[in-house]
Amino acid sequence: MNLNSPLFDRIRVKREPRQETPAETVRCEHPGCQAIGAYRAPKGRLREGQYFCFCLEHVRDYNSSYNYFNGMKDGDVASYMKDAAVGHRPTWSMGVKRGMGGFREDGPKPGDFSDPLGLYRQRFHSRAQEAREPRYSAVTMRAFAALGLDETAGADAIKAQYKTLVKLHHPDANGGDRSCEEKLREIIHAYKTLRAARLV
Ligand SMILES: [Zn+2]
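Going by our numbering, 156 is the number at position 150 of the sequence shown; the sequence numbering is gapless.
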């Protein structure tokens, strides 16, 4: 049998590339890509511990769409959360910051990716809490409370409530009862506080 026959060369060329690869070699999972999937990428926050295998080009593609919050600075996350309450007006960059987690281009190491988004989820929540903190000072909040209102009351609601309470607690409306004066003073003081804060 002549192993140098041109016939063998032809057969070799026609072989499927897959057959020349050892079975344990993982292919890039990007559809249609035949490169070696040497880079692992986490599948996402509900599939922790699961990874895609990609070639370098496609792990970069994947990472740039995956790192939704990773590329955002703390302040950006905070303003994102504030905007979330009134509808998003994205002002932050979608750019990917290298070296902030996700994957490593020098290949996976044991212990990498154990909880890549858990870290960011924690940060996300603490920023969300900050965004929910009262917009007004304690003095202003007490003034709202003294009028029986919360901080969402607008100028018209504050005025209307103030008029109602003044009438209700005015000594003239209580048969000249002077004991109402203390409550009336509190209401007037609260109203002046809200006016000083330019809320009325
Ligand atoms: Zn690929």
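Ideal Cβ positions, reconstructed from N, Cα and C, are used throughout, including at glycine. Small disclaimer: the values here were computed from a predicted structure and weren't measured.
{"Asked": "Where the alpha helix (DSSP H) through Ala196 begins and ends", "Found": "187 to 202"}
{"Asked": "Tyr168 in three-state terms, based on DSSP", "Found": "helix"}
{"Asked": "Residue environment, Glu187, which counts as buried when at least 16 other CB atoms sit within 10 Å", "Found": "exposed"}
{"Asked": "For Arg148, the first and last residue of its enclosing alpha helix (DSSP H)", "Found": "144 to 152"}
{"Asked": "Whole-number beta carbon distance between Ala41 and Val65, since they are thought to touch under 8 Å", "Found": "With 8 Å as the limit, Val65 and Ala41 do not qualify as a contact, their Cβ atoms being about 10 Å apart."}
{"Asked": "Ligand 1 heavy atom lying under 7 Å from the CB of Cys59", "Found": "no"}
{"Asked": "Assigned exposure category for Leu174 - 16 Cβ within 10 Å defines buried", "Found": "exposed"}
{"Asked": "Beta-carbon proximity check, Cys59 vs Gly38, cutoff 8 Å", "Found": "no"}
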